[in-house]
Each structure stands twice: as structure tokens, then as C-alpha cells.
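Peer 1:
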Amino acid sequence: MIGNVRRFEPFGEAPIRVIDDDGRWVAPFACDIDVARQRAIYRDMLRARRFDERLSTLQRQGKVSFVASAAGHEATQIGAAHALDATRDWTFPYYRDLALALALGWPLAEALAQQTASRLDPARGRQMPAHPGSAALRIFTTASAIASHVPPAVGSAMAQKLAGRGDVTLCSFGDGATSEGDWHAALNLAGAQGAPAVFLCQNNGYAISVAFRHQSGSADVATKAHAYGMPGYRVDGMDPLAAYYVTRQAVERAREGLGPSLIEALVYRYGPHSNADDDGRYRPADEVAAWRRRDPIVRYRRYLEGRGLWDDDAEAALAAEIKAEIDDAVRANAGAGRAPLGWMFDDVFAALPPHLRRQRDELALTHDLERDGH
Ligand SMILES: Cc1ncc(C[n+]2csc(CCOP(=O)(O)OP(=O)(O)O)c2C)c(N)n1
112 MIGNVRRFEP FGEAPIRVID DDGRWVAPFA CDIDVARQRA IYRDMLRARR
162 FDERLSTLQR QGKVSFVASA AGHEATQIGA AHALDATRDW TFPYYRDLAL
212 ALALGWPLAE ALAQQTASRL DPARGRQMPA HPGSAALRIF TTASAIASHV
262 PPAVGSAMAQ KLAGRGDVTL CSFGDGATSE GDWHAALNLA GAQGAPAVFL
312 CQNNGYAISV AFRHQSGSAD VATKAHAYGM PGYRVDGMDP LAAYYVTRQA
362 VERAREGLGP SLIEALVYRY GPHSNADDDG RYRPADEVAA WRRRDPIVRY
412 RRYLEGRGLW DDDAEAALAA EIKAEIDDAV RANAGAGRAP LGWMFDDVFA
462 ALPPHLRRQR DELALTHDLE RDGH
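In this note's numbering, the protein residues as written are 112 to 485.
1. What does DSSP give as the partner residue(s) for Gly-343 in the beta ladder?
2. Taking the alpha-carbon positions, what's the Gly-370 to Gly-305 distance?
3. So what does DSSP say about Leu-199, is it helix, strand or coil?
4. Let me check understanding here. Comparing Cα to Cα, which of Ala-361, Arg-345 and Glu-436 lies closest to Gly-123?
5. Could you check how far apart the C-beta atoms of Ala-258 and Phe-284 are, in whole angstroms? I think they sit under 8 Å.
6. Could you spell out where the alpha helix (DSSP H) holding Val-441 opens and where it closes?
7. Among Pro-262, Tyr-379 and Ala-181, which has the Cα closest to the Cα of Leu-300?
8. Starting from Val-178, trace the alpha helix (DSSP H) in both directions and tell me its first and last residue.
9. On the DSSP bridge list, what partners appear for Asn-314?
10. To the nearest angstrom, report how far apart Arg-449 and Glu-367 are at their CA atoms.
11. For the beta strand (DSSP E) holding Phe-284, just list the boundary residues, first then last.
12. Taking the alpha carbon of Tyr-411 as the point to measure from, which residue in Pro-121, Ile-189, Phe-310 and Thr-198 has its own alpha carbon closest?
13. Considering Cα atoms alone, identify which of Arg-413, Trp-454 and Ala-288 is closest to Ile-130.
14. Could you tell me the boundaries of the alpha helix (DSSP H) in which Gln-271 lies?
15. Compute every distance between the C-beta of Gly-348 and the non-hydrogen atoms of ligand 1, then say whether any falls below 7 Å.
16. Given a cut-off of 8 Å, decide if Ala-440 and Ala-220 are closer than it, judged by their beta-carbon atoms.
17. If the criterion is Cβ atoms closer than 8 Å, does the pair Leu-311 and Leu-352 meet it?
18. Assign Glu-481 to one of two classes, buried (16 or more other C-beta atoms within 10 Å of its C-beta) or exposed (fewer than that).
19. Relative to ligand 1, is the shortest distance from any of its heavy atoms to the C-beta of Asn-444 smaller than 7 Å?
20. With DSSP run on the structure shown, which of helix, strand or coil describes Phe-486?
21. Going by C-alpha distance, which of Tyr-355, Leu-463 and Thr-227 is nearest Cys-142?
22. Grab me the residues of Gly-277's own chain with a C-beta within less than 6 Å of its C-beta, minus the 5 sequence neighbours each way, in chain order.
23. So the candidates are Val-409, Leu-373 and Glu-363; which of them puts its Cα closest to the Cα of Asp-331?
24. Within its chain, find whatever has a CB closer than 6 Å to the CB of Arg-468; leave out the 5 residues flanking it on each side and keep chain order.
Structure (C-alpha cells):
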């Protein structure tokens, strides 16, 4: 029966779905997402996928050094992004969250500048590639050490609780993060303090080559929420509307002062862990193929078409718009040049300490510190 009750119970047996693999609505409530947002979710997924593909091409051309592809994770990242209020909430992403950051409004050109450490990069070339972050959008800059961003995310949520404005922190990570001590300490604190946090685990089944069953004695991640006094939800992470609705419920709960939630989204990364990984050594090709057949973009397009919200003309127009945006960004970024080496000494200290002055002077003997870097 279709009604208006939109409440998901935690710790369910089957992963939560809103649309099935063929894009048919299967949730026991009616859709209340306005048409513009329903289309925007599709646009954000296609845009993230195309940009991801272009980054891999640029990597093979030697123009990008490191890529951590989000292909296969788009539905979860973009569904979750749409459940946040991007004008007030905070996000603590991990390195695979390119689609999440773009959907929150991180300009694609800025993402490319970050990837290539060009002069256009607001982080001035001092972050590792594939590490999203934006002070303007309250996206905490990505930390490479797995799970090290989870305790600060709880700190952010605690600050929001003290401020009493009803703002929320979303913290995103892979299944590998749940095997780290930082993760458990942070969730414990969040549960004890009722922090307005949403923990989003993108479980793609592997931490590089280590399968989830070798990381944990628990059958799943959501179960672990029990121990920390918060609801845990298992979600079909290839369904953007399931990711959206469950995250929305968790965000509403946090905003109302009812504390944190843990969401486990079952996703798959189509590509290797990064361009430096050979995934053929630890996972079978038919497993990859089976997940690719459940592609979230194809599935969601079927849903939109079924509702009369999408067709071939709309697809062609969107594809052309995305291609032009990416082409423009690539051109502008290439023309800007790389961040100069000298920038690494700026902005941390008001006055450069003697040991760093010495290092800068030594570097200047062999390099022009204001010319394009490498
Ligand atoms: C503390 C720490 N240990 C090990 C690493 C090396 N490392 C980088 S990514 C990664 C895998 C993490 O897997 P997961 O959290 O499941 O995310 P996924 O890459 O699958 O999206 C590891 C072990 C690291 N960066 N930090």
C-alpha cells in the first residue's frame, strides 16, 4: 500500500530499496521529491561518472598522477548529498567522495585543479590528488590516514550541538575505516553524547585487497551501531533514492536532537582501488561484471523514463552540456600551469621559522620557486 509514512526501521534483514534493479518504485510510500531534484540526481550521477572517466584518461596521458575512482559509488554519494542542506551542514569525506563533493556544489573546475595541483587550486597544490575539500562549502579537507577524519567529524557535530542551530555533520568512509580504532572511539563518543552526526559507510566489500569478511567478525557494518546506541541501516547503495531517503531520515533525526545514525550502503567500485592497484589479483572478473549490470545510472534512468521525466533528447542535451563543462575545465586548467614549488612554504607560519627558511634557500639554489611546479 502506498501511503505517506516514510519511516525505515533499523537493523532490517534485507537492504533498504526504494526502486528495484529495473527502476520500478518498490517503497511503501509515495515519492515526495520535486521533479527538479529527481532530475538533478540523475545529472549529478552522469556528470560525476563522465568526470571520473576523464580523470582516468588524463592519468594515462600523464597529466594526473593519482586517481581513486568513484564509479559504482555514485548513487550513495549523490543520494546522501541531496539529503543534506548544503548551506549549513558539514561534510567529512574520504578520498573516493568525488561524486559527493561535486553534488554538494564543489565546482568541477576546482576539483580538476585539486587533482592536478594547478595554479587554480585553492589548496595551492598542497593536498594529495583525489582529496576533496572546500572551506566555502564546509567540506573538511580529506585526510589520507583511514578513519582519522571520524573523530574530528564527531567534534564538528558536538560543536553543532552546543551551538544549538540544528546543523548536522555527515561523515563518509569505506568499510576499511570500520576496522580502525579511531572509528570505534568516534562512534562511541557520538553515541554517548548524542552528537548530531550521520555516519555513512560505503561498503564496497574490500579495503584494497582485503575482503570485508577478513576485516570483521560481524556479518555487516550496520550491526555495529547497536553497540554505540544508535540506529544502523543497511541500504542498497546502487539505489540513489534509497540513499537519499535513509540519509534524509538520519539527518532529520540529528537535526531534531535525537542523536547520530550509522548507514551502511552496499556499493561496488568498478575500477581498481586506485590507478596503482591491480584488482584482477584479488577479485574475480565475473563479480565485477555482475555489479556492473546493476549500474545505478542505468537503473535510475529507467526510473525517470518510467515517470515520463527523461528521454533520449534530454540525455543528449545533458551529455553535451557535461562534455562542454569538462572540456572547458581541462583547457583552463592546462593553461594555468602547475602550482609553483615556492608555495609550499607559504601560509602556515606568519614568519617562516629558520629551519624552513634554510630549506627554501637550499631549494632555490636548484629551482625557480615562482615558476610552474612539476
Ligand atoms: C591508517 C591507514 N592505514 C592504511 C592506509 C592505506 N590505505 C589507503 S586506502 C586503504 C583502503 C581503505 O579501504 P576502504 O576504507 O574500504 O575504502 P575504499 O578504498 O574501499 O573505498 C588503505 C588500507 C591508510 N591510508 N591509512
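For each residue, glycine too, the CB sits at the ideal point set by N, CA and C.
Peer 2: Looking at the coordinates:
1. Residue pairing by DSSP places Gly-343 opposite Leu-373 in a beta bridge.
2. Within the model, the alpha-carbon separation for Gly-370 versus Gly-305 is close to 4 Å.
3. Reading the sequence as shown, one finds Arg at residue 199 and not Leu. The answer is coil: DSSP assigns Arg-199 none of H, G, I, E or B.
4. Among Ala-361, Arg-345 and Glu-436, the Cα nearest to that of Gly-123 is on Arg-345.
5. Indeed they touch by this definition, with Cβ atoms about 6 Å apart.
6. Note, Val-441: alpha helix (DSSP H), 423 to 447.
7. When C-alpha distances from Leu-300 are compared across Pro-262, Tyr-379 and Ala-181, the shortest belongs to Pro-262.
8. Here Val-178 belongs to no alpha helix (DSSP H), and DSSP marks it neither H nor E.
9. Per DSSP, Leu-377.
10. If you take the alpha carbons of Arg-449 and Glu-367, they lie about 46 Å apart.
11. Start and end: 280 to 285.
12. It is Ile-189.
13. Selected option, being the one with the closest Cα: Arg-413.
14. Secondary structure note for Gln-271: its alpha helix (DSSP H) is the uninterrupted segment 261 to 274.
15. Taking 7 Å as the cut-off, one finds no heavy atom of ligand 1 near enough to the beta carbon of Gly-348.
16. It is a contact, given that the beta carbons lie within the stated cut-off.
17. Going by C-beta atoms, Leu-311 is not nearer than 8 Å to Leu-352.
18. Around the beta carbon of Glu-481, fewer than 16 other beta carbons lie within 10 angstroms, which makes this residue exposed.
19. Distances from the CB of Asn-444 to the heavy atoms of ligand 1 are all 7 Å or more.
20. Because residue 486 is not part of the residues shown, which for the chain are 112 to 485, the question remains open.
21. Per the Cα distances, Tyr-355.
22. Arg-366, listed in sequence order.
23. Looking only at Val-409, Leu-373 and Glu-363, the smallest Cα-Cα distance to Asp-331 is reached by Leu-373.
24. Excluding sequence neighbours, Arg-468 sits near nothing in its chain.
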